[in-house]
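Colleague:
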Amino acid sequence: MFFDQMPELLDQCNLLHGHVCLLGDFNFHVDCPQDRSARKLLDLLSTYSLRQTVEEPTHKHGHTLDLVIERPSDGIHRVSEVTRALESDHFCVLIQFDMVLPSPVPVYRVVRNLRAIDRVGFQGDLSMELARFEDCSADQYNTALNAVLDKHAPASRRKVSSRKVTPWFGLLGDELLQAKKERRRAEREWKVSGLTVYEQLYRKAKNFVTFIVHKAKSMFYTTQIAQAKSSKELYHITNDLCARSSASLLPTVYPSASLPDVFSNYFVTKVEKLRDDLDSQPSVPHPLGTPFSGDPLASFTPVTESEVRKILTSSAPKTCDLDPIPTPLLFECLDVVLPTITKIVNDSLASGSFPDVHKTALVTPLLKKSTLDHNELKNFRPVSNLSFVSKIIEKVVLSQLSAHLTSNNLFNPLQSAYRSGHSTETALVKIVNDLLLALDKGKVAILTLLDLSAAFDTIDHGLLISRLEHVFGVSDSVLLWFSSYLSNRTQTVSINNSTSDPALLRYGVPQGSVLGPVLFVLYTTPLADIMASHSVLHHSYADDTQLQKSADLKSFDTLMHSMQECILDVKSWMTFNKLKLNDEKTEVMAASSPRMSTSIQLPESITIGNAVVPFSVSVKNLGVTLDSHLTMNAEVQNITRAVNFELRRIGSIHHYLSEEAALTLVSAFNRSRLDYCNALLYGCPQYLLNRLQKLQNNAARLVLRVRKSEHISPHLQALHWLPIESRIKYKIACLSYGALTQTGPAYLTDMTQTYTPGRTLRSSADTSILSTPRVNTKSFGERSFSVSAPLVWNSLPVTLRHSASSGSFRTGLKTHLFSLAYT
Numbered sequence: 007m008f009f010d011q012m013p014e015l016l017d018q019c020n021l022l023h024g025h026v027c028l029l030g031d032f033n034f035h036v037d038c039p040q041d042r043s044a045r046k047l048l049d050l051l052s053t054y055s056l057r058q059t060v061e062e063p064t065h066k067h068g069h070t071l072d073l074v075i076e077r078p079s080d081g082i083h084r085v086s087e088v089t090r091a092l093e094s095d096h097f098c099v100l101i102q103f104d105m106v107l108p109s110p111v112p113v114y115r116v117v118r119n120l121r122a123i124d125r126v127g128f129q130g131d132l133s134m135e136l137a138r139f140e141d142c143s144a145d146q147y148n149t150a151l152n153a154v155l156d157k158h159a160p161a162s163r164r165k166v167s168s169r170k171v172t173p174w175f176g177l178l179g180d181e182l183l184q185a186k187k188e189r190r191r192a193e194r195e196w197k198v199s200g201l202t203v204y205e206q207l208y209r210k211a212k213n214f215v216t217f218i219v220h221k222a223k224s225m226f227y228t229t230q231i232a233q234a235k236s237s238k239e240l241y242h243i244t245n246d247l248c249a250r251s252s253a254s255l256l257p258t259v260y261p262s263a264s265l266p267d268v269f270s271n272y273f274v275t276k277v278e279k280l281r282d283d284l285d286s287q288p289s290v291p292h293p294l295g296t297p298f299s300g301d302p303l304a305s306f307t308p309v310t311e312s313e314v315r316k317i318l319t320s321s322a323p324k325t326c327d328l329d330p331i332p333t334p335l336l337f338e339c340l341d342v343v344l345p346t347i348t349k350i351v352n353d354s355l356a357s358g359s360f361p362d363v364h365k366t367a368l369v370t371p372l373l374k375k376s377t378l379d380h381n382e383l384k385n386f387r388p389v390s391n392l393s394f395v396s397k398i399i400e401k402v403v404l405s406q407l408s409a410h411l412t413s414n415n416l417f418n419p420l421q422s423a424y425r426s427g428h429s430t431e432t433a434l435v436k437i438v439n440d441l442l443l444a445l446d447k448g449k450v451a452i453l454t455l456l457d458l459s460a461a462f463d464t465i466d467h468g469l470l471i472s473r474l475e476h477v478f479g480v481s482d483s484v485l486l487w488f489s490s491y492l493s494n495r496t497q498t499v500s501i502n503n504s505t506s507d508p509a510l511l512r513y514g515v516p517q518g519s520v521l522g523p524v525l526f527v528l529y530t531t532p533l534a535d536i537m538a539s540h541s542v543l544h545h546s547y548a549d550d551t552q553l554q555k556s557a558d559l560k561s562f563d564t565l566m567h568s569m570q571e572c573i574l575d576v577k578s579w580m581t582f583n584k585l586k587l588n589d590e591k592t593e594v595m596a597a598s599s600p601r602m603s604t605s606i607q608l609p610e611s612i613t614i615g616n617a618v619v620p621f622s623v624s625v626k627n628l629g630v631t632l633d634s635h636l637t638m639n640a641e642v643q644n645i646t647r648a649v650n651f652e653l654r655r656i657g658s659i660h661h662y663l664s665e666e667a668a669l670t671l672v673s674a675f676n677r678s679r680l681d682y683c684n685a686l687l688y689g690c691p692q693y694l695l696n697r698l699q700k701l702q703n704n705a706a707r708l709v710l711r712v713r714k715s716e717h718i719s720p721h722l723q724a725l726h727w728l729p730i731e732s733r734i735k736y737k738i739a740c741l742s743y744g745a746l747t748q749t750g751p752a753y754l755t756d757m758t759q760t761y762t763p764g765r766t767l768r769s770s771a772d773t774s775i776l777s778t779p780r781v782n783t784k785s786f787g788e789r790s791f792s793v794s795a796p797l798v799w800n801s802l803p804v805t806l807r808h809s810a811s812s813g814s815f816r817t818g819l820k821t822h823l824f825s826l827a828y829t
């Protein structure tokens, strides 16, 4: 295997720029000419013009096993010495490299000592500063807060050390320093004397240092994990523990000082080119949408301080560099600033204008995937940050806009993004349910996943305002407010405390904002009518749109033609509305039963615009991999791979963690992966569920340090973890409860029908029973949510089905399933 894989490594080395040096314990006796494996290795190196430069023995038995390999033309190093190591059976190979290290570039940051602020004095000065302005505007608010912060915590420019700080060192610092001194002293005495007694003393001192370090790390990371407030914080802590860098890579081919301007020009130019391309394409005019009829939203309702306080306290305390003071400090002074913030919000609503000071976004470039080339600008996405107060204004507007849209039934019922009770999981339940029912009837279904390029960035402001007015009933001062909100927005790229010049954004909705995604959803609402005109089922989640249509084998050609016509009409609408459909990244899959796939010759591709899109065996839709036979085998493989990866990571640091900390990490990473969209796994083959159950068992063994030979069920019961099959039923029952109480999506309610008896019985009928539709197959029909929901729901106790609230239902449901699983 080594000689099969080594040439692949050397092929990669040949493609690398600069010097190449391979180091390691190769475990070949290259000092023995008669050793066949060693000769084979040296011949292989010779074919790649590489040489091995270690000539002395590197092992206590006199063989040369540790090699240093380079190109003869490089000559960047020389082996200076091979010495006996203190404890290893291998020797220490000392190498001198001839290279010029670049001088370190000092990094300076602007910092403030926020901990030293006198909170009482700060709030008093802040109150006096805000009182100076009789009619405090958004600009004056920022000025006042900045002035008080500069007084109590003036900004200072400090040089930041490149040396990594050891955060856990301070816990046992003095004890650790003393232990290290004793270890160094014992090591020197052993080196000088060479006596066994001093070697034993050195080993004892070394082990004690290891014990102190382990103790300090355990204390620090256990505390960090216990205090983590989100999965994101846990992810960073785990990366730190596993020594995995989470720093974002930046291009190195540009001067660091000009990097913000380079990114700013690229992001703006990219959108400008997309718009120019869309403007140059011939397009057919499309109507704005179904005209609005009803009471328009002509003015906003002023909000009270209590309403603003509720929005503030429910918001995450995230801070942007555009904020005058850090958001956590703002929360401490909430009673002082609340009247001013409420006034700023109400002034914006009444005047129909959005404050100009809050129209700037601070953009940070983020590499899309760690495996992509960080020197290619196209591999970066702009991550926008907006000021905290601007998001408060947007949340107030969104609340009133949503109430208007809901009361007039203006939301697309098959758009699941940014709506209460809707999620990617409910969207996938609907999509897979339709596919399963189509296959249950012996049909072939085509699933098309559309992909948009820079979807939020190319929206035309004029079309959006017209659609808000004519389709969604927004008028007068509210319409003026949205026009002000979209106009004259700018963005500035910030990298390492350097910023670019502000760039004007002529198109699109603000990314990172509260209203931007909702405006995009409203902008694309007319697409539903186009797809319905072709009798094509659709579902959307933000800019992810799925098209689906099924037909009998005899009508497959007609099905293909109908899907192509629908996609062409969708593309025509998008071109007219300045949205770029990415033909090359659009995916198409034909779903059918295994028996049917052998009796039909599917075409290899489908034509979409100017692109020929091949049929895929599987597609990834909203984080779930669906295969063409809907077996969920590919999805279980992905779950297994992801969970095993996380278990290996946590297992590598398990010796630092307490049982409680390990349980927190395992619950955050692995059980969330096992539970995501597990409603789709109902009725899957038992061997797939067994694979997932094995993952849960391994997670429990990791948390509780249980041996492989021990029976796992008592330990799962001790952790109060439901088995995988019970977790699936739990999810289906929760979705059913939301459908029946109409707290979930309407499309789930449409899939669950209350059972109505044919005749009235003497005893009152149970109105909570669901009707189970008839299906043809167990492998498809019974797995659909339309069937699985009644089967699971009707098996629950009557008292549980009549729970008064979602919280009490979930608690009682888990208790019920737990008792069934472990009795």
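Note that the numbering used here gives residue 499 to position 493 of the sequence shown, counting from 1, and the numbers run on in steps of one. Glycine residues also receive a C-beta, built at the ideal position from the N, C-alpha and C atoms. The structure displayed is predicted, hence computed values, not measured ones.
(1) Counting Cβ pairs closer than 8 Å, one from the segment 363-372 and one from the segment 496-504, do we hit at least three?
(2) From this set, V198, A222, R209, which residue's C-alpha is nearest K177's C-alpha?
(3) Which residues in the same chain as V290 place their Cβ atom closer than 6 Å to its Cβ, once the five residues preceding and following it in sequence are excluded?
(4) On the three-state DSSP scale, how would you describe V480?
(5) Terminal residues of the continuous alpha helix (DSSP H) containing E193?
(6) Can L383 and F269 be called in contact, C-beta distance under 8 Å?
(7) Are the CB atoms of L442 and P125 within a distance shorter than 8 Å?
(8) According to DSSP, is R115 helix, strand or coil?
(9) Identify the continuous alpha helix (DSSP H) that holds E665 and give its terminal residues.
(10) Buried or exposed: which applies to L595, given that a residue is buried once 16 or more other Cβ atoms fall within 10 Å of its Cβ?
(11) DSSP three-state label for T172, please.
(12) Leaving out five residues on either side along the sequence, give the residues of the same chain with a beta carbon under 6 Å from the beta carbon of L151.
(13) Using a Cβ distance threshold of 8 Å, determine whether the segment 657-676 contacts the segment 705-725, with at least three qualifying pairs required.
(14) Pull up the DSSP beta-bridge partners for V99, would you.
(15) Look up F386 in the DSSP assignment and give the residues it is bridged to.
(16) Between R42, L247, F791, D104, which lies nearest to T228 when the distance is taken from Cα to Cα?
(17) Taking the runs of the beta strand (DSSP E) that are 3 residues or longer, which of them lie wholly in the segment 380-446?
(18) When the Cβ atoms of the segment 804-814 are set against those of the segment 779-795, are three or more pairs found closer than 8 Å?
(19) Drop a sphere of 10 angstroms on the beta-carbon of A263, count the other beta-carbons inside from all chains shown, and report buried for 16 or more, exposed for fewer.
(20) Among F337, L328, K375, K374, which has the Cα closest to the Cα of H364?
(21) So, with DSSP's three-state summary, where would you put C38?
(22) In three-state DSSP terms, what is R634?
(23) Which full runs of the beta strand (DSSP E) of 3+ residues lie inside the segment 504-591, going along the chain?
(24) When you compare only the Cα positions, how much space is there between D180 and L378?
(25) Around the Cβ of Q552, are there at least 16 other Cβ atoms within 10 angstroms (buried) or fewer (exposed)?
(26) Helix, strand or coil for D463 per DSSP?
(27) Give me the residue from K212, L201, P173 with the minimum Cα distance to R189.
(28) Considering only residues of the same chain and omitting the five flanking positions on each side of Q287, which have a CB-CB separation below 7 Å?
(29) Where H476 and A752 are concerned, what is the direct C-alpha to C-alpha distance, given to the nearest angstrom?
(30) Leaving aside the five residues before and after L456 along the sequence, list all residues of the same chain whose C-beta is less than 6 Å from its C-beta, in chain order.
(31) Which residue wins for smallest C-alpha separation from E51, given the options V26, S622, H65?
(32) As a quick exercise: from S634, K397, S678, pick the residue whose alpha carbon is nearest that of E652.
(33) So, for S719: in the same chain, excluding its five sequence neighbours on each side, which residues have a beta-carbon less than 8 Å away from its beta-carbon?
(34) Pop quiz: W799 and S732 are said to be a contact at Cβ under 8 Å. What is the actual Cβ separation, rounded to whole angstroms?
(35) Heavy atom of the ligand ATP less than 7 Å from the Cβ of P323, yes or no?
(36) Measuring only the C-alpha atoms, how far is L416 from D535?
Modeller: Let me spell this out:
(1) yes
(2) The sequence position of residue 177 within the sequence shown is 171, counting from 1. Before going further, note that residue 177 is Leu rather than Lys in the sequence given. Ranking V198, A222, R209 by Cα distance to L177 puts A222 first.
(3) As a working note, residue 290 is residue 284 in the sequence shown. The residues are S578.
(4) Against the sequence shown, residue 480 aligns to sequence position 474. If DSSP states are grouped into helix, strand and coil, V480 belongs with the strands.
(5) Looking up residue 193 in the sequence shown gives position 187. 179-199 is the extent of the alpha helix (DSSP H) around E193.
(6) If you number the sequence shown from 1, residue 383 lands on position 377. If you number the sequence shown from 1, residue 269 lands on position 263. Contact flag set, yes.
(7) By 1-based counting over the sequence shown, the position of residue 125 is 119. By 1-based counting over the sequence shown, the position of residue 442 is 436. The sequence shown places Arg at residue 125, rather than the Pro named in the question. For R125 and L442, no; Cβs fall outside 8 Å.
(8) As a first step, residue 115 is located in the sequence shown; it is residue number 109 there, counting from the start. Strand at R115.
(9) Mapped onto the sequence shown, residue 665 falls at position 659. Taken as a continuous stretch (DSSP letters only), the alpha helix (DSSP H) holding E665 covers 665-672.
(10) Here residue 595 refers to the residue found at position 589 of the sequence shown. In the sequence under discussion, the amino acid at residue 595 is Met, which differs from the Leu named in the question. Buried.
(11) For the purposes of this step, residue 172 is identified with residue 166 of the sequence shown, where counting begins at 1. Here T172 sits in coil by DSSP.
(12) Within the sequence shown, numbered from 1, the residue matching residue 151 stands at position 145. Excluding residues within five positions, the ones whose Cβ falls inside 6 Å are P330, I331.
(13) yes
(14) Within the sequence shown, numbered from 1, the residue matching residue 99 stands at position 93. Beta-bridge pairing links V99 to V88.
(15) Working through the sequence shown from its first residue, we reach residue 386 at position 380. Answer is L373.
(16) Residue numbering aside, residue 228 sits at position 222 when the sequence shown is read from its first letter. Of the candidates R42, L247, F791, D104, the one whose C-alpha sits nearest the C-alpha of T228 is L247.
(17) 386-391
(18) no
(19) In the sequence shown, the residue the question calls residue 263 occupies position 257. Exposed.
(20) For the purposes of this step, residue 364 is taken as residue 358 along the sequence shown, with counting starting at 1. Out of F337, L328, K375, K374, L328 has the C-alpha closest to the C-alpha of H364.
(21) Taking the sequence shown and counting its residues from 1, one reaches residue 38 at position 32. Coil at C38, not helix or strand.
(22) Taking the first residue of the sequence shown as position 1, residue 634 is located at position 628. At residue 634 the sequence reads Ser, which differs from the Arg that was named. Note: S634 maps to coil in three-state DSSP.
(23) 509-511, 543-547, 550-557
(24) Your numbering for residue 180 matches position 174 in the sequence shown. Your numbering for residue 378 matches position 372 in the sequence shown. Looking at the two C-alpha atoms, the distance is approximately 44 Å.
(25) Taking the sequence shown and counting its residues from 1, one reaches residue 552 at position 546. Classification for Q552: buried.
(26) Position 457 of the sequence shown holds residue 463. Three-state result, D463: coil.
(27) Position 183 of the sequence shown, counted from the first residue, corresponds to residue 189. Measuring from the Cα of R189, the nearest candidate turns out to be K212.
(28) Locating residue 287 in the sequence shown gives position 281, counting from the first residue. T581, listed in sequence order.
(29) Indexing the sequence shown from 1 puts residue 476 at position 470. Indexing the sequence shown from 1 puts residue 752 at position 746. Near 25 Å, if we compare the C-alpha coordinates of A752 and H476.
(30) Numbered from its first residue, the sequence shown carries residue 456 at position 450. Same-chain partners within the cutoff: T551, T592.
(31) Numbered from 1 along the sequence shown, position 45 holds the residue referred to as residue 51. A small correction: the amino acid at residue 51 is Leu; Glu does not occupy that position in the sequence shown. Checked all of V26, S622, H65; the closest Cα to L51 is V26.
(32) By one-based count along the sequence shown, residue 652 stands at place 646. When each option's Cα is compared against that of E652, the closest is S678.
(33) Looking up residue 719 in the sequence shown gives position 713. The answer, listed in chain order, is Y828.
(34) In the sequence shown, counting from the first residue as 1, residue 799 sits at position 793. In the sequence shown, counting from the first residue as 1, residue 732 sits at position 726. Contact flag wrong, Cβ pair sits at about 15 Å.
(35) Within the structure as shown, the ligand ATP is missing, as the structure has no ligands at all.
(36) Position 410 of the sequence shown, counted from the start, is the residue given in the question as residue 416. Position 529 of the sequence shown, counted from the start, is the residue given in the question as residue 535. Between L416 and D535, the C-alpha separation is close to 13 Å.
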